[in-house]
Every structure is written in structure tokens, then in C-alpha cells.
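Here the sequence shown is numbered in the numbering used here, starting from 20 and rising by one per residue. Quick notes on the structure that follows.
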Amino acid sequence: MLSPEEVKPLLVHEDRYIREAAMEYFRDSYSRDPEILPLLLKSHERFGSPTWRRSLIDGYRFSCDEAAFEGVIAALASAKTGEPITFDLGRVLAHASPALLAARRSDWESLKCLRGGTRDDIERRWEIAQWPAEKLWLELRDFATGSESQRYVGKIDHGYADALIAALAQHEIPSGETICDMLRAREGSGTWLEIFLVDLSGERQLKEAIPALVDKYCVDTDYLLERSTVALAKIGDVDAVRLVRSRYGGESVHFRWYSHGVYTAIKHVESEEALLEALGAETDITLRTMLCCDLCKLFSARGVGAVLEAIRNGYDRGFDCLEERVLPIAEVLGIELPEGDAWRAAREERARRRFDRAQELAELGRKYAERERIAAVATAMTNAFRRREVGRYDDGMHDDRVAASADAAPVDAASTDAGCTTIRNTSAKIGRNDPCPCGSGKKFKKCCG
């Protein structure tokens, strides 16, 4: 398997599939290498937004030092409000160190492209970082208690919890021993505080918490196990690989379903060994497919043969496409694939179909937005007609009222985080003697006017 130093240059490779594979290599490990983020920005500069967005959307996971911060500020200074880059790099700023945010406060405050919500997140994280440890710990516990009535992940303010955890990770309160004891305690299981403590152990890089975190994989619940994998990735110690490997074969399906993520997160030769061992014993076809994907994520030369065997024998195509997974890995490793040309052609055909489908969905979105705009204009005209009928306005004022209502009617369909442009009514105002836009053939003043 390739080391991080060998994979880093691939982040700016000419082939976009190789760039994406390299990004996935680092994304899973929450790499603290300060060179990763500048390389992603360089990739953006060379190849443009359409090819790098899938990478930089996770840019907040990586270390942001002074040099990287400078590059982020420069990229945002040339961006326009509403572009996806403003959200992606805004999150990078929000996850920067409080000291860096304080030292460069005037730079990020002057960025005109940052949306209000992103700017508020940065401000909030910086302010919370100034709190004393005792206040942070008390607030995190109170927030967890107050959130217990919300059983779904999307129902609580995770940004606030993350800010508290990031700030608390800089202190020794609670102690590492306390965190481990609370993670092992049965009475705290199934609570938001348990999840927050898992996150805190990852932010603190508490090696002593590894056994308690691996034990969480025995609990049949999704979000807690996902957060446990993230925490173990941030700790980044090979002991986590060894412990999962020692238990993998004798545990339940949901243990195996989530714990294998530790192997791709921690870039160590023992991770490659553990994956090959697990693949040799695994009988579940979906889990076998997952393990093959993991070997590709590690740029494992030994794994290429195992993946090719899985392709020949059959795998879960509903989960992933192993042909697409193995192509960039084999190219980087210099492994010739007999079916390579056919697989590349099929990959491009699938990419073309995905692009066409995306265009179709975009066109449907535009048609829907236009229908909403027309409906809003019609509603405004109907309301104006009703007001006239009850004698609220005379004929001299009526034209102005209808025109004003029509101008105000369009719906701003770009207020979401998708980065769409604002839709506005640019059509000419409707005169009293113009044909009615409803299509009746009558003059506007004799119909809807």
C-alpha cells in the first residue's frame, strides 16, 4: 500500500479519477498534515470548480495553518456570494484554530461573499473558544440533557455541540480518565452525552479511549458507530486496528459493518493485512464488496488482485462499482488490467449518463421555478382584481398596483445552500390594453385585470 507521502502528489494529478481517489485516502483519516489543504486549493486553481468541489466539501477535516489560512482567504476574496466555494471554505475557516481566527479577524470579517449563517458559525466558534473549561463542560452536559427529547440526528444544533467540543478539547477538563469511565458506564448509554464524549475523545486524541470506542461497535445503532469510527480515525493509533482485527471475525454483522472503517482511516500496513484477512473469511457479499473498496482506498497493490477476483466471482453492484474503484489504483501502481480499456469506456458512458440526468433534473428545476413564478404573478393579479371589485382602488391607481404586485411576486428559489442564482421577473409590465397573460385572448383590462 502507498504511504501518505506517496499519495499527496496525486491530489493535483491530471486525471480527475486519480485526484478523487487520493482525496478519499486522506478524507477518511482526518489527516492533520498541513500540506493537504493547500494542495486542494492548488487543485482548484488548476482544474476549476466542477472537478474539485467533491474534494473541498470535506476540506474542513484537515489542518489549517497560517499558510493554508492565507490561501483560503485569497480564494474566498475572489468568490461571489452564493458560490459553493463560499460554503465549503467557510467551514474551513470555522474549524480553524481560535488563535488564528483572532489574529486574522479583520481578514475574514471583510469577506463579502460569506453568507450570514457561515459568518455566524465562525463568530460563534471563536467566541465559545474563549470560555473557561468549567463553563464549557457544564454547557455541553446541559445541552446534552436538553436534547434528550430529540431522538433524530437532524433535530439538534450540531454546530453548537461541535463548537463546545472543539473548545473543550483544548483543556484537561474533564480528564481523560473521566471520559473513559463515562464511555464505559452503562447508565450513560444511548444519550447525546455519550455521543458528545465519543467526539471529545477523538478531538483530544485519547489513546486510552480506544477500547471503549471499539466496544461501541457492539451496539446496534448507526450514528453512534459512525461517530466512533470518526473518533478512532482522529486518534489515528494502530492499536485500534489491532483491537478491531482481534474481534472482527467473532462479532455480529453490525460490528463488522462499521468497524472495518477503522482499517481505511489508519494508514498502516497492519490495516492492509487486516482487510485481506477479513476478506478471506467474510461470506456476506455486501461486506465483501465494502472490504474490496477499502483495499482500493488504501492504494493496496495486494488488494488489486483480491478486487479483480471479486469482480470475476460477483459482488454487490448495488453498493459500489469495483471496476471504477480499481481503475485509478491500478494506473497509479502501474498494474496492467486486461479489461482496462473496456472498463474505462463503460466508466465514461456512466459518467455521461449521470451528466445527462443531472441536466434533466436541472431543467426540471428551472421549469418548476418558472411555474412558481407564473403562479405568484397570477396570484398577485387575482388579488388586485378582487381589490378593484370591492372598490378599494380607482382606475388611475389600479395599473400601478398590478405592476407593483407583479414585480414583487417572484419567489426567491435560491435561498437554499445549493448555490442557485436568484430568480427575478424580468418580463415587461402588463398594460391594460395588452393581451391577458392567462391566454384567454381578451385584453388584460377585460379579463384578469
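We put the beta carbon where it would ideally sit given N, CA and C, even for glycine.
- Under the three-state reduction of DSSP output, Gln378 falls in the helix class.
- A distance below 6 Å between beta-carbons, with the five flanking residues on each side excluded, links Tyr79 to the following residues of its chain, in chain order: Arg110, Val111, His114.
- Inter-residue distance for Glu350 and Gly135 is about 44 Å (C-alpha atoms, whole angstroms).
- Look at Trp127 here: in three-state DSSP terms it is helix.
- Taking the CA atoms as reference points, Ile92 sits about 7 Å from Asp126.
- For Glu142, the enclosing alpha helix (DSSP H) has its first and last residue at 135 to 147.
- Between Val326 and Leu346, the C-beta gap is not smaller than 8 Å, which leaves the two residues out of contact.
- Proximity to Ser247 across Asp258, Trp156, Ser220 peaks at Ser220, based on C-alpha coordinates.
- Leu212 has its alpha-carbon roughly 14 Å from the corresponding atom of Tyr179.
- Assignment of Leu30 by DSSP, reduced to helix, strand and coil, places it in the helix class.
- Scanning Leu352, Arg390, Leu159 for the CA closest to the CA of Leu21 turns up Leu352.
- Collapsing the DSSP output to three states places Gly173 in a helix.
- A direct Cα-Cα distance of roughly 13 Å separates Ser50 from Leu58.
- Assigned with DSSP and collapsed to three states, Cys83 falls in coil, not helix or strand.
- Judged by beta-carbon spacing, Ala228 lies beyond the 8 Å limit of Tyr267, meaning their Cβ atoms are not closer than that value.
- In the three-state DSSP reduction, Cys340 falls in the coil class, being neither helix nor strand.
- In this structure, Tyr277 and Glu245 form a Cβ contact; the two beta carbons are roughly 7 Å apart against a cut-off of 8 Å.
- For Val217, the three-state secondary structure derived from DSSP is helix.
- Between Gly255 and Ser48, the gap from beta carbon to beta carbon is short of 8 Å.
- Counting along the chain, Thr100 sits inside no alpha helix (DSSP H), nor does DSSP assign it H or E at all.
- For Thr197, the uninterrupted alpha helix (DSSP H) segment begins and ends at 195 to 203.
- The straight-line gap separating the alpha-carbon atoms of Trp362 and Arg35 is approximately 16 Å.
- Considering only Ala152, Asn402, Ile214, the residue with the shortest C-alpha distance to Ser166 is Ile214.
- Asp84 places its beta carbon less than 8 Å from that of Pro53.
- The distance from the Cβ of Leu251 to that of Leu232 is about 6 Å, consistent with a contact at the 8 Å cut-off.
- Taking the Cα of Ile184 as reference, the smallest distance to any Cα among Leu157, Leu108, Arg331 is reached at Leu157.
- Straight through space, the alpha carbons of Tyr44 and Lys316 are spaced by roughly 5 Å.
- Between Ala121 and Trp145 the beta-carbon gap is near 7 Å, inside 8 Å, which marks them as a contact.
- Shown here, Phe318 sits in coil according to DSSP, grouped into three states, outside any helix or strand.
- In chain order, Leu59, Asp107 place their CB closer than 6 Å to the CB of Leu75, counting only its own chain and leaving out the 5 sequence neighbours on each side.
- Between the C-alpha atoms of Ile393 and Gly101 there is a straight-line separation of about 24 Å.
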